[in-house]
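Take a look at the structure set out below.
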Amino acid sequence: MELTFASYNIHKAVGLDRRRDPERILSVLHEIDADVVALQEADRRFGKRETVLPRDMLDDLSHYHAVPLNHRPDSIGWHGNALLVKCGISVMDAGVVPLPTLEPRGAVRADLLVHGKRVRVVGMHLDLSGLRRRQQLRTILGHVKDCGPNCPSVLMGDFNEWALHGGCWREFPSPWQVLMPGRSFPSRRPVAQLDRIVISDEWTVSRTHAHHSALAAVASDHLPVVATLGLPKK
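Under the working numbering, the residue at position 68 of the sequence shown is numbered 215, and the numbers go up by one with no gaps.
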């Protein structure tokens, strides 16, 4: 069984041309065609903090639906973090993961049922402070443990970590595997691998990449990162 996961900081759907264009973001998602997508900066920052990807647009123009979190009526996520899954993937449970922070940061979690297998996914956008990032990851890893044994897990998002090794990556003990799909920021000429996907040991890695396309280069200041992962049938 293979699933494709993607993480994408969509910068509130504002591209490098300074236009807010949610349909362009959906077009990039269609290029990727992932089964599960973690979005960051999916809500407006002020006011009602409504989503920049309206639910009716997702229903009409995409094959995704937003994992329901039911925290803000006008939002599809929590502090800008949202999870999208392809139609046909069942959501067993979902919720937010409160993080220690001074900034408006958060993480969201969904337990999915795929071919009879429970899979836990966490999407996140971590703090600019290195100390705070490490505290946040400890909180998230503690939360993932609640899934119990034999629960394949995928953590993904904008980690805001410029170091290739060390830094917050030290928080992941073996057998967690920190994938390096490629440089994703800034999108026009990426130099940093801020966006990552981290997997538990049940998964095998088929392929990873940062998604480069003419559309992705202007749709946001980040490129999406993608990983196709496999699970044994039993």
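We treat Cβ as the ideally placed atom computed from N, Cα and C, and that holds for glycine.
K233, enclosing beta strand (DSSP E) - first and last residue: Against the sequence shown, residue 233 aligns to sequence position 86. Looking at the DSSP string, the run of the beta strand (DSSP E) that includes K233 is A229 to K233.
Could you name the residues that DSSP lists as bridge partners for E349? Along the sequence shown, one-based indexing puts residue 349 at 202. Paired residues: none, contrary to the question.
In DSSP terms, what Q187 is bridged to: Residue mapping note: residue 187 aligns to position 40 of the sequence shown, counting from 1. Secondary-structure assignment with DSSP links Q187 through a beta bridge to N156.
Per DSSP, the bridge partner or partners of G304: As a position in the sequence shown, residue 304 is number 157, starting the count at 1. Per DSSP, the beta-bridge partners of G304 are M271 and R343.
From R280 to D274, what does the alpha carbon distance come to, in whole angstroms? Along the sequence shown, one-based indexing puts residue 280 at 133. Along the sequence shown, one-based indexing puts residue 274 at 127. Take the alpha-carbon of R280 and the one of D274: they are about 5 angstroms apart.
Inter-residue CB distance, S222 and T198 (contact presumed, cutoff 8 angstroms): Numbered from its first residue, the sequence shown carries residue 222 at position 75. Numbered from its first residue, the sequence shown carries residue 198 at position 51. Beta-carbon to beta-carbon, S222 and T198 are separated by about 5 angstroms, close enough to satisfy the 8 angstroms threshold.
Tell me, please, which residues DSSP counts as bridged to T198. To locate residue 198, count along the sequence shown from 1; it is residue 51. Looking at the DSSP assignment, T198 forms a beta bridge with D190.
Provide the residue(s) that pair with K292 in DSSP beta bridges, ordered along the chain. Residue mapping note: residue 292 aligns to position 145 of the sequence shown, counting from 1. The partner list for K292 (beta bridge, DSSP) is empty, contrary to what the question assumes.
Going by Cα to Cα distance, which pick from V266, R167, D293 and L341 is closest to E308? The sequence position of residue 308 within the sequence shown is 161, counting from 1. It is L341 whose Cα lies nearest to the Cα of E308.
Where the beta strand (DSSP E) through L260 begins and ends: On the sequence shown, position 113 is the one that residue 260 refers to. For L260, the uninterrupted beta strand (DSSP E) run begins and ends at G253 to V261, by DSSP.
Check whether the Cβ atoms of R167 and K159 lie closer than 8 angstroms to each other. Counting from 1 along the sequence shown, the entry for residue 167 is found at position 20. Counting from 1 along the sequence shown, the entry for residue 159 is found at position 12. K159 is positioned such that its CB atom lies closer than 8 angstroms to that of R167.
I'd like to know if the region 291–300 and the region 328–337 are in contact, where contact means that at least 3 CB-CB pairs between them fall below 8 angstroms. Segments in contact, no.
Taking the beta strand (DSSP E) that V373 belongs to, which residues open and close that run? Reading the sequence shown from its first residue, position 226 is the one you call residue 373. Note, V373: beta strand (DSSP E), V372 to G377.
Could you check what DSSP says for H212 in three-state terms: helix, strand or coil? Here the question's residue 212 lines up with position 65 in the sequence shown. Secondary structure of H212 (DSSP, three-state): strand.
Which of the three DSSP states is assigned to L278 in this structure? The residue you call residue 278 lines up with position 131 of the sequence shown. In the three-state reduction of the DSSP assignment, L278 falls in the helix class.
Give me the Cβ distance between S93 and L376, rounded to the nearest whole Å; I'm assuming they're in contact under 8 angstroms. Residue 93 is absent from the model: the chain starts at 148 and stops at 381.
How should H262 be labelled, buried or exposed, when 16 other C-beta atoms within 10 angstroms of its C-beta is the threshold for buried? For this step, residue 262 is matched to residue 115 along the sequence shown. It is exposed - the Cβ of H262 has fewer than 16 other Cβ atoms within 10 Å.
Q187 beta carbon less than 8 angstroms from that of G304: Position 157 of the sequence shown holds residue 304. Position 40 of the sequence shown holds residue 187. For G304 and Q187, yes; Cβs fall inside 8 angstroms.
Going by DSSP, what residue range makes up the beta strand (DSSP E) through L237? Against the sequence shown, residue 237 aligns to sequence position 90. Position check: residue 237 holds Ser in this sequence, whereas Leu was assumed. Counting along the chain, the beta strand (DSSP E) containing S237 begins and ends at S237 to V244.
Please name the residue, chosen from D293, L176 and N156, that lies closest to H226 on a Cα-to-Cα basis. Counting from one through the sequence shown, the residue named residue 226 turns up at place 79. Of D293, L176 and N156, the residue nearest in Cα terms is N156.
Tell me whether the beta-carbon of V214 lies closer than 8 angstroms to the beta-carbon of V243. Mapped onto the sequence shown, residue 214 falls at position 67. Mapped onto the sequence shown, residue 243 falls at position 96. Not closer than 8 angstroms, so no.
Classification of P337 by the beta-carbon crowding that lies within 10 angstroms, buried from 16 upward: Along the sequence shown, read from residue 1 onward, the residue named residue 337 stands at position 190. With 16 or more other Cβ atoms within 10 Å, it is buried.
Can you check DSSP and say which residues form a bridge with A357? Stepping through the sequence shown from its first residue, residue 357 is reached at position 210. Paired residues: V372.
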